[in-house]
Amino acid sequence: MRLPEPPAAAIAATVLATAVALAGCATSSIDLAPEASDRPWQPQTSAAGDIVAAPPRASAQGAHDYTLPASPALASVSAPAALDAAHAYTLPELIDLAESANPLTRIAWNDARNAALAVGLAKSAYLPRLSATAMGAYQANHGSTSTILGDSSSNTTAHGTISALSLQWLLFDFGGRAARVEAAEQASIASNVAFTAVHQQVIHDVTVSYYRYEAARSHALSAQQGLTNADAILAASRARLKHGVGTVVELAQATQNRAQANLALVQANGAESDSYLALVSALGISPLSKPTIAALPKRPLPPALGSSVDTIVSDAIARRPDLQGAFAVEKANRAKIKAAQAAFMPKIFLSASTSYASGGTSISALPAIGDQAPTVNLNGSRYGGGVFLGVTIPLYDGGLRSAVLMQARNDAESASARLTRTKEEAVRQVVAAQNAVQTSLASHDAAKALVDAAQTSYDAALTAYRNGVGSVTDATIAQSQLLAARNAEVDSYAGALSAAAALALATGTIGSAQ
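FYI, the numbering used here numbers position 276 of the sequence shown as 258, with every residue one higher than the one before it.
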């Protein structure tokens, strides 16, 4: 019995309802966003405490709790680095530790490896593409008919398999693949140069942080010595007052001077702790790590740089990683122009395929049809193959290739301009670093002379005050000036070393093994 067809109105209503339901699926996700611009977002959390993508909980009117729920998956912190607590790490050892533990070096290494793999991907275009395909099928049909002559039925089954092997090989493309390989190779060089630049930056950061920590540690020692000197002045003031030659005002001034020296010591210790944390952060290890830092050996600084600025600049331009990387990027962009130009040329290719098919069919009919048997079985197979040599000629693509070529030329022009700008910036950095080195060396010489003079002035002022021929004001002023002179000498020494590290970074020689 044939079923009646549904009316057209019912079909249209069903289609319309389906369309409305599908259209609502896209906008219904707006419920995942915060409910209002002036109310906090209260996210739903899973049983483990992680935030899930679900409509937020309703927040109370006027609520201002903009904190997020704690995620247990983020609660763990990296364990402190495995360090030898009994060993004091020198600057070279700290640099080795940073190069192996700093995440920046591993990121740069992976980037360089990916760029190297991209070269292999580009070279794979020279190789043929071989693919295999296999399919299997099964089909069964059953039918029955009732007539005045009686009932008849038939069963039909069919099954088969098809397997094919195909090959495609691009034989000639007017240098398109070669240009893409060249671009990938230059990109790999740029990534390797960037890897070296990251290591140089890590070495520079650790070196400068180490020098700053040494300066802060020396400041703390100077502040401790300043407190000792303030105690000496206070003791002399008390002794003078005890013997009737001093005054209460002198004692108050000495006490104030001692309090100021103690405050300076507290501040110096705080600065030392901050610089220690900065050094640990530069190493790239956990801030909870507590490496013991060896003291910086005191070495005399050279009087001046032996090389001229022109010589330093020439060597820097040929050696700096950013310049070499920009040069490689420029060559990569010029290779992309060749690849874009090759897209206008024909391509010659080779294609080959072979296939094999087999199958069988079984037909059963009751009653038998004519003189045929009630069941018929058919089986067969065949195979074939072919080889084709062809050429493809691009005729029209709506200006796509022209646009790609223009983009490649624009990128190459930008890369050239970027290389020029990088050279100018490199020269500026080298000159600035060289000036900083010269200034810091001169400042250190002046600071040493200032320390000698301040020490003599303090000794004379303290002796005079003890003997009753000087004032406590002169003694405290001399003590403060001595502390400032010592800090200036420490800062100038650390500044000279830091400036030398900056000059080495600017010239691209900071990672030298010499």
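From the three backbone atoms N, C-alpha and C, an ideal C-beta is built for every residue, glycine too.
- Query: Hey, quick one: how far does the alpha helix (DSSP H) through D379 stretch, first residue to last?
  - Reply: From DSSP, D379 is part of no alpha helix (DSSP H); its letter is neither H nor E.
- Item | Integer-rounded CB distance, given that P110 should sit under 8 Å from Q150 | 7 Å
- In three-state DSSP terms, what is L99? helix
- Can you tell me whether DSSP reads M388 as helix, strand or coil? helix
- Residues bridged to V369 by DSSP? A334
- Message: For E395, count the other beta carbons within 10 Å of its own beta carbon; 16 or more makes it buried, fewer makes it exposed. Which is it?
- Response: exposed
- Message: Taking 6 Å as the limit between beta carbons, can you name the residues of its chain near G226, skipping five residues before and five after?
- Response: none
- Message: Does L216 pass the burial test, meaning 16 or more other C-beta atoms within 10 Å, or should it be called exposed?
- Response: buried
- Please look up how many angstroms separate the CB atoms of V184 and E312, rounded, as I've assumed it's under 8 Å. No, V184 and E312 are not in contact; Cβ-Cβ is about 26 Å, not under 8 Å.
- Cβ neighbour criterion (16 or more within 10 Å) applied to N211: buried
- Query: Residues bridged to K329 by DSSP?
  - Reply: T374
- Comparing alpha-carbon positions, which option in H181, L247, A314 and L65 lies nearest R162? A314
- Message: Just to confirm the assignment, what range does the alpha helix (DSSP H) spanning Q26 have?
- Response: Looking at the DSSP string, Q26 is not in any alpha helix (DSSP H), and its letter there is neither H nor E.
- Message: Quick check on the DSSP output: what are the complete alpha helix (DSSP H) runs of length 4 or more inside the stretch 36 to 102, in order along the chain?
- Response: 73 to 83
- Unbroken alpha helix (DSSP H) run spanning F309, endpoints: P303 to A324
- Item | Where A276 sits in the DSSP three-state scheme | coil
- Query: Is the distance from the Cβ of A482 to the Cβ of H426 below 8 Å?
  - Reply: no
- Query: Would you call the CB atoms of T148 and S135 closer than 8 Å?
  - Reply: Checking the sequence shown, residue 148 turns out to be Ser, not Thr. Not closer than 8 Å, so no.
- Message: Suppose you measure from the CA of G266 to the CA of V248; what does that come to, to the nearest Å?
- Response: 28 Å
- Smallest Cα separation from E406: which of H141, Y447 and D304? D304
- Item | For T489, the three-state DSSP class (helix, strand or coil) | helix
- Is T455 near the ligand MN, going by C-beta to nearest heavy atom under 7 Å? Here there are no bound small molecules, and the ligand MN is not part of this structure.
- Taking C-alpha atoms, which residue in I12, A317, S480 and P51 lies nearest to L283? S480
- Cβ pair count under 8 Å reaching 3, the stretch 359 to 375 against the stretch 170 to 189: no
- Item | Nonlocal neighbours in the same chain, by C-beta distance under 8 Å from G493, ignoring five residues either side | T178, H181, Q182 and I185
- Item | For V190 and D296, the rounded distance between their alpha carbons | Here the sequence assigns Ser to residue 296, which means Asp is not the residue at that position. Cα to Cα, S296 sits roughly 25 Å from V190.
- Query: Can you tell which of Y440, G452 and A486 has the C-alpha that lies nearest to the C-alpha of A467?
  - Reply: Y440
- Task: Using a threshold of 8 Å, state whether the C-beta atoms of D456 and A443 are closer than that.
- Result: yes
- Where does F154 fall in DSSP's three states? strand
- Query: When DSSP labels each residue in this structure, what does G226 get in the three-state scheme?
  - Reply: coil
- Message: Which residues does DSSP list as the beta-bridge partners of Q507?
- Response: As shown, the chain starts at -17 and ends at 496. That puts residue 507 outside it, with no answer to give.
- Message: Can you look up R(-16) in the DSSP assignment and give me helix, strand or coil?
- Response: With a pLDDT of only 41 at R(-16), under 50, the local geometry of the prediction cannot be trusted, and no value is derived from it.
- Message: Check whether the stretch 91 to 110 and the stretch 269 to 282 are in contact - that is, three or more C-beta pairs closer than 8 Å.
- Response: no
- Query: Is N449 helix, strand or coil when you go by DSSP?
  - Reply: coil
- Message: Which complete alpha helix (DSSP H) runs does the stretch 182 to 264 hold, if anything under 4 residues is left out?
- Response: none
- Query: Shortest alpha-carbon distance to A415 belongs to which of P376, A484 and I459?
  - Reply: A484
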